[in-house]
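1 is the number of the first residue of the sequence shown in my numbering; add one for each residue after it.
Below is one structure, written out as structure tokens; the observations come after it.
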Amino acid sequence: MLEADFVQLEEVSVIMNVILMLTTVPDTTTADKLTSAILAARLAACATQLGAVRSSFHWQGTIESADEVQLLFKTSVARAQELEQFILSHHPYDTPEILSWQAIASAAYGQWVNAETQRSIHV
Numbered sequence: 001m002l003e004a005d006f007v008q009l010e011e012v013s014v015i016m017n018v019i020l021m022l023t024t025v026p027d028t029t030t031a032d033k034l035t036s037a038i039l040a041a042r043l044a045a046c047a048t049q050l051g052a053v054r055s056s057f058h059w060q061g062t063i064e065s066a067d068e069v070q071l072l073f074k075t076s077v078a079r080a081q082e083l084e085q086f087i088l089s090h091h092p093y094d095t096p097e098i099l100s101w102q103a104i105a106s107a108a109y110g111q112w113v114n115a116e117t118q119r120s121i122h123v
């Protein structure tokens with residue numbers, strides 16, 4: 001192996017995985033409330049309100065369209081399932097869109113996400 005190969009291997013070893021979770025809500029008021037509750041519970045380190053979107057979808061035998069707000073949460077692998085359950089239980093839709101995928105983050109960002117999503121210790 002060349003010296004450059006070792007450097008590349010070292011760089012890969014410090015990369016961390018985070019979970020990105022996407023959902024849509026009906027309006028900015030709902031987006032703000034859901035985001036605040038999720039961050040307060042430390043289920044995500046960050047939430048990005050991606051803005052207004054227009055969704056079209058099959059629903060109960062018809063094709064519907066709705067104006068929505070898209071949210072992207074960044075969380076740790078350890079808290080992803082809890083975040084999904086929280087969204088399900090606090091979402092105004094019967095069948096909310098919840099999409100998640102694992103992403104490679106820089107070491108510093110991944111460490112920050114993991115640190116910010118640690119469970120609170122109550123003494």
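Note that the Cβ used here is the ideal one computed from N, Cα and C, for glycine as well.
Taking 8 Å as the CB-CB limit, is residue i close to chain C?
| i | result |
| --- | --- |
| GLU82 | Reference to chain C is not applicable here, since this structure consists of a single protein chain. |
Given a threshold of 16 other Cβ atoms within 10 Å of its Cβ, counted over all protein chains shown, does residue i qualify as buried or as exposed?
| i | result |
| --- | --- |
| LEU9 | Model confidence at LEU9 stands at a pLDDT of 45, short of 50, so the residue's coordinates are unreliable; what they give is reported in the following sentence. So LEU9 counts as exposed. |
| GLU84 | buried |
| ALA52 | exposed |
| ILE15 | exposed |
| ALA47 | buried |
| LEU2 | A caution first: LEU2 carries a pLDDT of 44, below 50, which makes its placement in the model unreliable, though a value can still be read off. The residue is exposed, with fewer than 16 neighbouring Cβ atoms inside 10 Å. |
So residue i is in the alpha helix (DSSP H); what residue range does that whole segment cover?
| i | result |
| --- | --- |
| GLU97 | No alpha helix (DSSP H) contains GLU97, which DSSP labels as neither H nor E. |
| SER89 | 80–90 |
| GLN111 | 107–116 |
Where does the unbroken beta strand (DSSP E) through residue i begin, and where does it stop?
| i | result |
| --- | --- |
| ASP32 | Where ASP32 is concerned, there is no enclosing beta strand (DSSP E), although the alpha helix (DSSP H) it sits in stretches over 28–40. |
| ILE63 | 62–75 |
| SER56 | 46–59 |
| LEU22 | 16–25 |
Closest by CA to residue i, which one among the options?
| i | options | result |
| --- | --- | --- |
| THR117 | GLY61, ALA41, GLN49 and GLU84 | ALA41 |
| SER89 | THR28, ILE38 and ALA115 | ILE38 |
| MET21 | VAL113, GLN102 and ARG119 | GLN102 |
| LEU72 | GLN60, SER100, THR29 and ILE15 | SER100 |
| TRP59 | THR30, ASP94 and THR23 | ASP94 |
| VAL25 | VAL18, ASN17, GLU68 and VAL113 | GLU68 |
| GLN70 | ALA105, ASN17 and THR28 | THR28 |
Pull up the distance between the alpha-carbon of residue i and that of residue j, whole angstroms please.
| i | j | result |
| --- | --- | --- |
| GLU97 | LEU50 | 15 Å |
| PRO92 | ALA115 | 29 Å |
| ILE63 | SER55 | 10 Å |
| ALA57 | PHE86 | Position check: residue 57 holds Phe in this sequence, whereas Ala was assumed. In a straight line, the C-alpha of PHE57 is about 24 Å away from that of PHE86. |
| LYS74 | GLY61 | 34 Å |
| SER65 | ILE19 | 28 Å |
| VAL113 | THR30 | 24 Å |
May I ask you to check if the CB of residue i is nearer than 7 Å to at least one heavy atom of the ligand COA?
| i | result |
| --- | --- |
| ILE19 | Of the ligands one can find in the structure shown there are none, so the ligand COA has no counterpart to examine. |
* Can you find at least 3 beta carbon pairs, one from the stretch 75–84 and one from the stretch 35–53, that sit closer than 8 Å? -> The stretch 75–84, when compared against the stretch 35–53, does touch it at the 8 Å Cβ threshold.
* Looking at C-beta atoms only, is the number of pairs between the stretch 108–115 and the stretch 27–35 that lie closer than 8 Å three or more? -> Cβ pair count under 8 Å is below three, so no.
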